[in-house]
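Residue numbers (UniProt numbering): 1 to 99.
Note that beta-carbon positions come from the ideal geometry of N, C-alpha and C, so glycine has one too.
In this text the structure is predicted, and so the values were computed from the model without any measurement.
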């Protein structure tokens, strides 16, 4: 991923908030506890917490996924997202070495 794309993904307040929520999904999305968090958090839960339209949240998640910050798992009609911690390690290395 290009550096510009990575930093564009992080340049939006709501996308940053989503990443923070996904860092601790048990605390941020207690409504999903019954279904567990192994596959991530359902996009519907993220959308409800963000208070935005489903299309806007899906667009934000797509940007984060293209940048490598989240991964998705499709289960039936539902899509679940979770953080890709390796991407944050890469970002840290990028900042230390290139900037």
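How long is the line joining the alpha carbons of residue i and residue j, rounded to whole angstroms?
i: residue 47; j: residue 57; result: 6 angstroms
i: residue 54; j: residue 32; result: 18 angstroms
i: residue 42; j: residue 79; result: 6 angstroms
i: residue 83; j: residue 98; result: 23 angstroms
i: residue 51; j: residue 14; result: 10 angstroms
i: residue 95; j: residue 34; result: 38 angstroms
i: residue 74; j: residue 39; result: 9 angstroms
Per DSSP, residue i forms a beta bridge with which residues?
i: residue 70; result: 83
i: residue 41; result: 81
For residue i, which residues in the same chain have their Cβ closer than 8 angstroms to its Cβ, ignoring the five residues on either side in sequence?
i: residue 7; result: none
i: residue 5; result: 66 and 67
Using a 10 Å radius around the Cβ and a threshold of 16 neighbouring Cβ atoms, would you call residue i buried or exposed?
i: residue 25; result: buried
i: residue 45; result: buried
Please go through the same chain and pick out, in chain order, the residues whose beta-carbon is closer than 7 angstroms to the beta-carbon of residue i, but skip the five residues on each side of it.
i: residue 22; result: 41, 70, 81, 82 and 83
i: residue 10; result: 16
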